[in-house]
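To start, the structure itself, in structure tokens.
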Amino acid sequence: MLNSKLRKIAMHPRRLLPAFALLAWIGCAAGGAPAADRPEVLLWPKGMPAPVVPADPPEKAEKNAAGFGLRTNISRVRLVVFRPPDGVKATGAGCIVAPGGGFGRLADEHEGSEACEWLAKSGMTAFLLLHRTPTTMHAEPNAGPVQDLQQALVIVRQRAGEWALDPGKIGVLGFSAGGQVGVVAATNDARFDREPGSPSHKPDFLLLLYAWRIYDAERRALRADIHPEAGLPPTFIAQMADDTSSLPQGSTLLYLALVERKVPAELHLYEKGGHGFGMRSRPGATGPTDWTHRAADWLRLRGLVNGP
Numbered sequence: 010m011l012n013s014k015l016r017k018i019a020m021h022p023r024r025l026l027p028a029f030a031l032l033a034w035i036g037c038a039a040g041g042a043p044a045a046d047r048p049e050v051l052l053w054p055k056g057m058p059a060p061v062v063p064a065d066p067p068e069k070a071e072k073n074a075a076g077f078g079l080r081t082n083i084s085r086v087r088l089v090v091f092r093p094p095d096g097v098k099a100t101g102a103g104c105i106v107a108p109g110g111g112f113g114r115l116a117d118e119h120e121g122s123e124a125c126e127w128l129a130k131s132g133m134t135a136f137l138l139l140h141r142t143p144t145t146m147h148a149e150p151n152a153g154p155v156q157d158l159q160q161a162l163v164i165v166r167q168r169a170g171e172w173a174l175d176p177g178k179i180g181v182l183g184f185s186a187g188g189q190v191g192v193v194a195a196t197n198d199a200r201f202d203r204e205p206g207s208p209s210h211k212p213d214f215l216l217l218l219y220a221w222r223i224y225d226a227e228r229r230a231l232r233a234d235i236h237p238e239a240g241l242p243p244t245f246i247a248q249m250a251d252d253t254s255s256l257p258q259g260s261t262l263l264y265l266a267l268v269e270r271k272v273p274a275e276l277h278l279y280e281k282g283g284h285g286f287g288m289r290s291r292p293g294a295t296g297p298t299d300w301t302h303r304a305a306d307w308l309r310l311r312g313l314v315n316g317p
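If you want this note's numbering, it's the position in the sequence shown, counting the first as 1, plus 9.
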């Protein structure tokens, strides 16, 4: 019935625009978002450990005034799988992408799905982490998201054969609050009860983009829940000097901690660019468009993505 009506509408040129609008509405109603048909992996099928985000109110995805996609009220914690597209050689490496959003929401497009697509086109299997949100009312806002990321690393390694991955090449790309989650997850014991014999909950490499509030201004040191002495993997850091949300002191101190421990590390500190650009360009600044090239070089050096 619906198809016959659409055919009649399409026969009249003056009605083409309404017809396209109707088709677009149908696509949205059917779940036509880019990630809708991608495989998803539940991280806590038996229920997440405390602190819990309740299922009510329901999950919501929307766009802000700038056109950026945002998602909140996430109680169904999961990974969305992005495999290398047809014609791209898979490298056997995997990367979990943790978006920012200040723990009140997730910027799951420009700091999430777009980053996953970029990695997948380079030969990686990428996993978009939709961690529990909001957690701003929790005593430690990063506590639940750190659990989610650590569990994601365990599960990706457990199922590495399913995606033809090397379990020793599973890393994390974290933006803003996701960067904080990444470095805290990497430098702490598991924040949940792991099954005996389960794989490591720590990343094999880290990419950190303007990691949020990792600098404690009062102590003039890294935040207290980051423990570089507990071990850090090879790490790539990109930061803007004019970022007032994620001060460059944090990225600089983290880089020095890596160098002191002789951990392979790279820091790119750009003059301008601000905060929260993700995979998007920004007028009058080189950092937002340059960091992906530098990160790709660094990943190639480690054999994690395909060559030029």
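Think of the CB as a built atom: it goes at the ideal place given N, C-alpha and C, for glycine as much as any other residue. Keep in mind that this is a model prediction, so the values were computed, not measured.
Asked                                                                                                                   : Found
Which residues DSSP lists as bridging GLU71, in chain order                                                             : LEU79
Residue burial classification, LYS55 (beta-carbon count within 10 angstroms, cutoff 16)                                 : exposed
Counterpart residues of ILE105 in DSSP-defined beta bridges                                                             : PHE136 and VAL181
Residue range of the beta strand (DSSP E) that includes ALA152                                                          : Note, ALA152: premise wrong, no beta strand (DSSP E); alpha helix (DSSP H) at 152–167.
Opening and closing residue of the beta strand (DSSP E) in which TYR219 lies                                            : Run containing TYR219: none; DSSP gives neither H nor E here.
Top-ranked residue by Cα proximity to SER207, from ALA226, ARG166 and ARG303                                            : ARG166
First through last residue of the beta strand (DSSP E) which encompasses ALA274                                         : 274–279
Given 8 Å, three or more beta-carbon pairs between the segment 260–271 and the segment 298–309                          : no
Residues bridged to ILE235 (per DSSP)                                                                                   : Its beta-bridge partners do not exist; DSSP assigns none.
Stretch pair the segment 138–145 + the segment 103–116: three plus CB contacts closer than 8 Å                          : yes
Burial state of ILE94 (16 or more Cβ within 10 Å)                                                                       : Correcting the residue type first, residue 94 is Pro in the shown sequence and not Ile. The residue is exposed, with fewer than 16 neighbouring Cβ atoms inside 10 Å.
Which residues DSSP lists as bridging GLN248, in chain order                                                            : LEU278
Reference ASP157; option with closest CA among PHE214, GLY76, SER185 and VAL62                                          : VAL62
In chain order, each alpha helix (DSSP H) run of at least 4 residues that lies wholly inside the segment 287–315        : 296–310
Range of the contiguous beta strand (DSSP E) that encloses VAL89                                                        : 87–91
Alpha-carbon spacing of GLU126 relative to LEU88, whole angstroms                                                       : 14 Å
Nearest-angstrom Cα separation, counted from GLY177 out to ARG229                                                       : 34 Å
Distance, GLY76 Cα to LEU313 Cα                                                                                         : 32 Å
Whole-angstrom distance between TRP172 and ALA226, CA atom to CA atom                                                   : 42 Å
Closest residue to GLU123 among PHE201, ALA99 and GLY183 (Cα-Cα distance)                                               : GLY183
Whole-number beta carbon distance between ILE235 and ILE246, since they are thought to touch under 8 Å                  : Going by Cβ atoms, the distance from ILE246 to ILE235 rounds to 13 Å, so no, they are not a contact pair.
Three-way DSSP call (helix, strand, coil) for VAL61 in this model                                                       : coil
Euclidean distance between Cα positions of TRP307 and ASP65                                                             : 42 Å
Opening and closing residue of the beta strand (DSSP E) in which GLU126 lies                                            : GLU126 -> not in any beta strand (DSSP E); alpha helix (DSSP H) instead, spanning 123–130.
Residue range of the unbroken alpha helix (DSSP H) whose run includes LEU265                                            : 257–269
GLU49, DSSP secondary structure in three states                                                                         : strand
Neighbourhood of ALA129 by C-beta distance below 6 Å, restricted to the same chain and skipping five residues each side : PHE91, PRO93 and ALA135
Cβ distance (whole Å) where GLY78 is taken to contact LYS69 below 8 Å                                                   : Going by Cβ atoms, the distance from GLY78 to LYS69 rounds to 11 Å, so no, they are not a contact pair.
Environment of GLU118 [buried if 16+ CB atoms lie within 10 Å]                                                          : buried
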